[in-house]
Structure formats: structure tokens, C-alpha cells
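**Student:**
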Amino acid sequence: MTILSNIDTVNNEPPPRKVTFMKAASVLRRLLAGTATRATLAVALALLVTAVLILISGKNPLLAYAALLKGAFGSIDRIAFGFNKSTPYILAGLGVALCFRANVINIGAEGQIAVGGIGATAVALSGLALPGLLLMPLALLAGVVCGAAWSGLAAFVSLKRGVHEVLCTLLLNFVGVLLVSEMLHGKLGEPGAGFPQSPLLPRAIWLPKLVAGTDLHIGIVLAVIATVACHILFWRTTFGFRLRIMGASRDAARYVGISSIRQTMRVMLTAGGLAGLAGGVEVLGVHYRLIEGFSAGFGFNAVGVALLASLNPLAVLPAGLFIGFLEAGALAMQREVGVPSSLVFVIQGLTMVFVLCALGLRGERSKV
Amino acid sequence: MLEMRGIKKAYGTVQANRGIDLDVAAGQIVGLLGENGSGKSTLMKLLFGVVSADAGTIRFKDKPLSGHGPAQAMAAGLGMIHQHFTLVEAMSVTENVMLGAPGSSPWLSPRETASRIRQESATYGLDIDPDAMIGDLPHGRRQRVEIVKAILRGADLLILDEPTSNLSPPEVEGLLGIMARLRDQGRAIVFISHKLDEVIAICSEVVVLRDGAVAGTCRVEGATRAGLARMMVGRDMPPPIAREATAAGRNVLHVGQMALTERGVERLAPISFSLRAGEILAIAGIDGNGQTELAECLAGLRLPTAGGIDLDGHDITLASVGERTELGMAYIPVDRATMSLVTGMSVSDNLALRDFDKPPLSRGGYLARSYFAERAREMSQRFAIKASGPDIAARTLSGGNQQKIVLAREIGRHPAVMIAHQPVWGLDPGATHFVIEQILALRAAGGAIIYISSSLEEVMTLGDRIAVMQGGRLSIPIDRDTVDLTQIGLMMAGDDSLIHGAAA
Chain A
1 MTILSNIDTV NNEPPPRKVT FMKAASVLRR LLAGTATRAT LAVALALLVT AVLILISGKN
61 PLLAYAALLK GAFGSIDRIA FGFNKSTPYI LAGLGVALCF RANVINIGAE GQIAVGGIGA
121 TAVALSGLAL PGLLLMPLAL LAGVVCGAAW SGLAAFVSLK RGVHEVLCTL LLNFVGVLLV
181 SEMLHGKLGE PGAGFPQSPL LPRAIWLPKL VAGTDLHIGI VLAVIATVAC HILFWRTTFG
241 FRLRIMGASR DAARYVGISS IRQTMRVMLT AGGLAGLAGG VEVLGVHYRL IEGFSAGFGF
301 NAVGVALLAS LNPLAVLPAG LFIGFLEAGA LAMQREVGVP SSLVFVIQGL TMVFVLCALG
361 LRGERSKV
Chain B
369 MLEMRGIKKA YGTVQANRGI DLDVAAGQIV GLLGENGSGK STLMKLLFGV VSADAGTIRF
429 KDKPLSGHGP AQAMAAGLGM IHQHFTLVEA MSVTENVMLG APGSSPWLSP RETASRIRQE
489 SATYGLDIDP DAMIGDLPHG RRQRVEIVKA ILRGADLLIL DEPTSNLSPP EVEGLLGIMA
549 RLRDQGRAIV FISHKLDEVI AICSEVVVLR DGAVAGTCRV EGATRAGLAR MMVGRDMPPP
609 IAREATAAGR NVLHVGQMAL TERGVERLAP ISFSLRAGEI LAIAGIDGNG QTELAECLAG
669 LRLPTAGGID LDGHDITLAS VGERTELGMA YIPVDRATMS LVTGMSVSDN LALRDFDKPP
729 LSRGGYLARS YFAERAREMS QRFAIKASGP DIAARTLSGG NQQKIVLARE IGRHPAVMIA
789 HQPVWGLDPG ATHFVIEQIL ALRAAGGAII YISSSLEEVM TLGDRIAVMQ GGRLSIPIDR
849 DTVDLTQIGL MMAGDDSLIH GAAA
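Residue numbers (the working numbering), protein chains in the order written: chain A, 1 to 368; chain B, 369 to 872.
(1) When DSSP builds the beta bridges, which residues end up paired with B/Y819?
(2) DSSP three-state label for B/G658, please.
(3) Determine, using beta carbons only, whether B/P638 and B/A650 come nearer to each other than 9 Å.
(4) Counting only runs of 3+ residues fully inside the region 643-731 of chain B, write out the beta strand (DSSP E) ranges in chain order.
(5) Alpha carbons only, please: which of A/I56, A/P318, A/L135 is nearest the one belonging to A/I220?
(6) Listed from N- to C-terminal order along the chain, which residues in the region 228-251 of chain A have their beta-carbon within a distance smaller than 7 Å of any beta-carbon of chain B?
(7) Hey, how far is the Cα of B/E746 from the Cα of B/S738?
(8) Check the Cβ of B/D725 against every Cβ in chain A and list those closer than 7 Å, keeping chain order.
(9) By alpha-carbon positions, which one of A/A120, A/V211, A/V228 ends up nearest to A/I90?
(10) Have a look at the DSSP bridge pairing and note the partners of B/M626.
(11) Considering only the alpha carbon of each residue, which of B/D832, B/F453, B/I527, B/I684 lies closest to B/G617?
(12) Which residues in the same chain have their Cβ closer than 8 Å to the Cβ of B/V567, if we skip the five residues on either side of it in sequence?
(13) Would you verify that the beta carbon of A/Y65 is, or is not, closer than 9 Å to some beta carbon of chain B?
(14) Does A/V221 get closer than 9 Å to chain B when you measure Cβ to Cβ?
(15) Interface residues of chain A around B/R722 at Cβ under 8 Å?
(16) For B/R743, tell me which candidate among B/R763, B/A720, B/I753 has the shortest Cα-Cα distance.
(17) Out of B/I654, B/V620, B/D655, point me to the one whose CA is closest to B/L643's CA.
(18) Output yes if chain A places a C-beta closer than 9 Å to the C-beta of B/S756; else output no.
(19) Going by DSSP, name the residue or residues bridged to B/D391.
(20) With a threshold of 9 Å between beta-carbons, can B/V710 be considered close to chain A, or not?
(21) Mind pulling the chain A residues with CB within less than 8 Å of B/Y739?
(22) By DSSP, does A/K85 sit in helix, in strand, or in coil?
(23) Going by Cα to Cα distance, which pick from B/A591, B/D847, B/T462, B/V702 is closest to B/G794?
(24) Run the CB neighbour count on B/T454, radius 10 Å, all protein chains shown included, and call it buried at 16 or more, exposed below.
(25) Closer than 8 Å is the cut-off here; do at least three beta carbon pairs connect the region 673-683 of chain B with the region 694-708 of chain B?
(26) I'd like the span of the beta strand (DSSP E) that includes B/A556, first residue to last.
(27) Please look up how many angstroms separate the CB atoms of A/P88 and A/F298, rounded, as I've assumed it's under 8 Å.
(28) Taking the continuous alpha helix (DSSP H) assigned at B/V582, which residues delimit it?
(29) Measure the CB-CB distance between A/G276 and A/G143 and report whether it falls below 9 Å.
(30) B/V836 lies in the alpha helix (DSSP H); which residues open and close that run?
(31) My parser needs the alpha helix (DSSP H) runs of 4 or more residues fully inside the region 503-571 of chain B; what are they?
(32) B/A652 and B/L873 - do their beta-carbons sit closer together than 9 Å?
(33) Just the chain A side, please: which residues come within less than 7 Å of B/P672 by C-beta, in chain order?
(34) Rank B/H450, B/C586, B/Q451, B/F428 by C-alpha distance to the C-alpha of B/Q440 and give the top, closest one.
(35) Determine, using beta carbons only, whether A/A306 and A/V316 come nearer to each other than 9 Å.
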């Protein structure tokens, strides 16, 4: 049947040059296959470059890294500290990863954590005559609901008024953080404390310790459960399937009749809930009270963790632990070697850059 | 002024230009006619240096032109006005004209440029304000900015690629006037169009391309629209491929006075037709005349603003995509890369796009992965999808195999009504054959099909009844036995009287 052969032309000539270059690139590509390998390589490169910076400042990088390791893993207490530090990053990072996967750019984790913290505190201090074992989950649930409300607000404004979600989520961060201050100077503040903080929460609703005698609370268990849940949600449910379609192509979503408005709302609520949970865990597990600025930098780290995990929910766990332990070790490095702890941020930043480069090198986004 | 001799160009196995000659003299407007894919755009891209020819010579103003790029083409005095403009909306007319203008001086001279724009505007009756922002200008004005841009860069020969396709009738009048004045000033114009009336109105000579070769060249004085249309379409149609005669089934789809108006623009004039089981209604027409809007209204991606759609006794005018799918509606859109396939997802996922949220593929919101794989294996076999496994990404497959995934998903569930929009676009002959076969098989099995294409040959091969879409209107479908090719060609080229006549 030749009659239908006059097809519109498609330009598909491969460029004849660059053959050797492509061969080299393909070898490199095979070496870099596998997310884990690439992430490890990126971390190694980041440490290497930072070592040069430490050298320039006249300190011994090996000693610095040894101090960093010791600070992170040197004792049970240090390890407990690292896990606690990682928990909110993992929880909030999961939400960010899901959003980014659906092509919804939510950078509002910080505000959602803050408002989640308010919710948890409000319930904890409400004086409800309930046993601690009941009040504690209720407080965490309040954190989830408040975090989801905050992200839902951003999604609503974005969808209803056509404001870009980056702007909505970003700006609501400031509002959320300031809302904490407002609360602490008002209703939730501790009278006469002279410091913007809430009264100490009743001991009965503090998060139980995982290992007696340490600070390690059960937050990390919640984080692991949340990671597995998000993995299943994303890869094994119809909700995740819709997110994957929508993230890959809005036109395809329209074609199969997926409402991107409804899906955006749902994924934002999920992410806000996870961030709100992180806020509640911080309040009930670490500070035992709401304090001003407790969420500072968490939102940025959540985005970093999600990107470091190349938006793969399961990989958020190791990525969050990496960032958490890195920060835990940073103070020790500063104390013992005199390397400023801010260098840790350099390592973090470089790692992310290298991971993203490694992903780019493959020439495509990871599987959707 | 311009001599093109024996121009040849192949893209892969497709011969886009097979030895084309084209002559244009100074002070002459030459019309270049042809269907989509007849080689017009390729020829002009070769002339402008966007792509390079496999064979043939070009002489422009008595100098050979070869191995050139667009910059050299512009420097030599060629100007091209693309269908899609290359203007920055947030900048003024003057700034756009200065943008990328040749010249070695790093300093811009906005005042001088503005005065030159005013001068040329007066000469050719362009009526352009150099200080106006592009974003504030209507489509027709923007086109004039493109023209003045080309003139100020010293273009002696202007190529206008379907310049009237998005213009309103008065704007078309204005453009033809400007073209006449450009001609009278001694410039040459190549006018690419599907619209016979405009070509006859303004050109002195017409070159008709078909299948990458010159089908005919003639003076406009002696030409008739019917003659040109026949030349464009090809006199001898090949014999239709084997198809069983099917008895007319019952009516399954009825569209009544369906219309679509978006942001004050009428996309679809009230459209009515019925479709019977086991019948193919083929809709011909130049791309962009409302076909996508019609298909998306039927498939539920847009909601019509008036009229109704009835599928097998159910009013689906406002039904969701999911409800339509449930009732047996299938849709193959023209855009494979971003719409009917998610190329980053696996073959099995793509096969499940329509019913992943229903048993057995999922229960209670939880996906049953084993069924995904099972379905993929079954469909790959039935539709000869060549993929190394159900889990590999669709993007790694050839265009033909990608379209087979879409076919498997849409035809595999035995739809009552299927809308296929250019389903063989960009496919090689083998895959094209397969797609056509599958569509005919669906027809034989009692499916009702709407086949939309800009290729008359496809339409003639497949259609039991044939209608033409032009300017958002659909002509009354004509039986394949009584269809008059010339008439179809004329209607496609925008002969309003025929469409009105048919619709009355």
C-alpha cells in the first residue's frame, strides 16, 4: 500500500560527528548507572572539593572529617542526635518529592512545619482531660491537619487565582514562621518567660524514647513508616499513577481525564500533612515546647533531601539521614578542628549540585 | 532573480523534494501550492538555508547560493516570514526590528530605526507605529512588523509561508494590497498557500507541488480553481485498498448543532452529523481549521458551548472523559509525544492509561501489577508491538511501535466510537499500513470511526462518507461513491460557497 507513504517529513538524521565523544559518554554513563552509585559518587566529589577548601583555610581536612564522623557517630548520644535531626528532613522531604514528581513545585515545607508545630502545641496545651497516650497522637494529628491546611491554602490560591505555586508556597513560609512568633507573644506564650516560647508541654505527651537513656525519640520510626507508605503510595496506587502521569505531561493527564486541579490539591495536602507531622514531632520530641524559629532552614533542607533522593520516595530516607548526620557532626568539627560549621552547608550544597549533575549526565529524568 | 534547479532532499527514506525547479523574476509573485507534505516547506527551508539540499543548484541575483545558512541567505537579500512569528511580545516594534539586525556596530540607533520604519510603513501602506508594543498588536499587524523587518534587512525576495492562515478576511485584503505594492517596487515574492482564491487573486504564476515534485506550472490568467485543485490533489487516485462492504448499522453517535466559542472566538460553528456503526466518516481539511477542537469536544477534553452529543442513547455533551470511555468512546489524538503516550512511563503503564483505576488493574486504589504485565504481553502479541519487555520506557520505541501502543489501548477495548486524528502522521509505510488495517478491522467489527486527516488520499481510502472542515465549519458528509475530488479540493482550499451550499 504505497498510497499513504507520502508522510510529512520528520528530521531524524543523526549527526555523523561526535562518534568518539558519544562512545566515551556511553562508557561513563554505564559507570554511573544506578541512583545509589551516582549519589555516592556525588557525595565523594563534594567531600573532595570541600577538602580543598579546608586545606586553603590552613586546616587538615582529614582531621576535620574525622571530627565530623566522630561528631556524627562518636557515641550513642551523637547517633541519637543525628537520627532526631534527620527525622523532620525525611518527613518533609517525602512530601516535597511527591509534589515535584507531580510537577507541583512546593517550596513551602518551612511554613507547613511551623504551622504544624503550632497545631500540635495548641492541642498539647489545650488541657483536654485525656490520657497522654491519647493526647499525643491527637497532637501529632493536629500537626498533620494544620500543615495540610497551610499547603492547602497555598494550593487553593494558586489554583483559584492562577498565582504560580512557587510564589504561593514561598510567601506563606514567611507568614507561617511569623505566625509562630505571633502565637508565642500571645495565646501560646509562656507568661514571664522573657523569651518567645510556649510553656513546657506535659511530660505525658512527650514522644516516647526509642532507646532508654538517650534523646532518640520514636520520630525516626514514624519517618521510616512514612517513607515506605509514600513509596507504596507513589508506585503502587492509583493516586501515585495519576501523579506520575500528571508530572510527566499535563496534556496526557487531560487526555485520560485526570483533573490536575484535584490532583494538585491532593498532593499538596499530602505534602503539607507530612511537613505538619514533622513540626509536631519537633515540638513533642525535641523541644517539648513551641519555640520561635524552630523550623528555620527545614524547608530548604527538605527540598535538598528530595532532590538528593532524585525524587524517589524510598531514597528520601538515606538522603535525609545523610543531611541530618552531616549537620549533627558539623558542630563537633567546628569545636575540635576550628573549621567553621558553615562548611557543612558547603558540603551539602556541593553534594546536591553533583547529584543533580550526575542525573543530568544521564540525559534524562529518572523513570516516571 | 531566483533560479532553483533539480533540488532534491530526502529525510531518511522519505523523499521530500525529488528534483524541483523554481524560477522567480523581480517584480513577480509566484504562488506555491500543495497539500501538507508535498514538499513546499522543505523547498523553502532549502532556499533559506535552514537545511541543506542533497542535490541541485540555487542561483539568486545571478550569484550561486550554496552551503548557506539563514544569516547568509538574509545577507544575500532573502527574507522569510514564517507562519509563527519570531517577535518578542514585551518589546516595541522598533526594538524587535533592531533585534538581531545585521551590522557591526554595537550601538543601537532606535531613533533612526524608528524613522526608517515610518518611512517604509508609508511606502507600503503598512500602518505601523514604531513605538507600539508587539503584545498589544493583533496578529495581522504583527505580520506587517515581520514584513518591515525583512524589508529593512534588505530583502529583495520575500517568502511568505501560509501568511493568510490566521488572518481575518479584511486583514487578508490588506496583506494582498501590501504584497501588490511590494511587487510594484520591484521585489519578488514566493507566496505559499492552500487557498486557491488568494493565489489566483495576487499571483502571476503558480507552481503546484505534489509528492515532492512539480505537478504543474501555469500562468494564473489561464488557470481555473478547479484545474488547480485537481493538479494539487492528483488526477488519478490509486485504487482503494481492499475493504468489505458493510451493511449500514444503527446510528451510534449523533452530534446536534455543537458549537464552541473560546474567549470570544468562535472555534466551531454549529456542527451536526450522525455516525452509524461500521462506518468511517472521514474528515478532510487543512490543519488548524477546527479539527482538534472538534475531536476534543467529542472526546470530552473541551466542553462545547452549544448543542449536544448523543452516544448510543446517552447524552454525553457534558460527560467526563472517564464516563465517555466507559460508554465506549476512544480517541487517538494527533500528538503522540505528549498526549496519547507518557513516553517516560513503561509500555505496560501506557497500555493501562485508560483503565488503571478499574478492576482488574487495581482494586481499592491499589494497583495490581501482575495484570499490568499480563495485559502488556497480550497486547504486544495482538498488536505486534516490538518492545524488549513490558517495563521498558515507551520513549525507547520507534514511532510506529509507540502508535501501536496507543492503538492497542484504544482499539483493544472494542470501542463503539473511535476518533482518530492523523493516526499515521510521521509513520513509515509499514506502520501506516498496520494502523489502517486495524482501523478497517474495527470498522468490520461494527465500530463507528471518525477519521480526521489533512491527506486527501487517506480520506479517500478510508472514508465511507467524506466531509470537509474549513474555518471551524463542517460540510455535509458525502457518500464516497458520489464524491467529487475537485469539489473536496476546493472546499479544503476555503471555497466558502460550497461549504455554505452543502450545509444549507
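All C-beta atoms in this analysis are idealised placements derived from N, C-alpha and C, irrespective of residue type, glycine included.
Just so you know, these numbers come straight off a predicted model, no measurement behind them.
**Tutor:** On the basis of the coordinates in this document:
(1) B/A650, B/A788
(2) coil
(3) no
(4) 648-652, 674-679, 697-700
(5) A/P318
(6) R236, T237, T238, F239, F241, R244, I245, A248, S249, D251
(7) 12 Å
(8) T238
(9) A/V228
(10) B/I639
(11) B/D832
(12) G399, L401, F559, S561, V574, V588, L596
(13) no
(14) no
(15) V256
(16) B/A720
(17) B/V620
(18) no
(19) B/E371
(20) yes
(21) Result: empty, since nearest Cβ-Cβ is about 13 Å, beyond 8 Å.
(22) helix
(23) B/V702
(24) exposed
(25) yes
(26) 556-561
(27) 6 Å
(28) No alpha helix (DSSP H) holds B/V582; the beta strand (DSSP E) holding it covers 581-587.
(29) yes
(30) Taken as a continuous stretch (DSSP letters only), B/V836 belongs to no alpha helix (DSSP H), being part of the beta strand (DSSP E) at 833-838.
(31) 507-520, 537-552, 564-570
(32) Lying outside 369 to 872, the shown extent of chain B, residue 873 of chain B is not represented and no answer is given.
(33) Chain A residues near B/P672: none, gap ~16 Å exceeds 7 Å.
(34) B/F428
(35) yes
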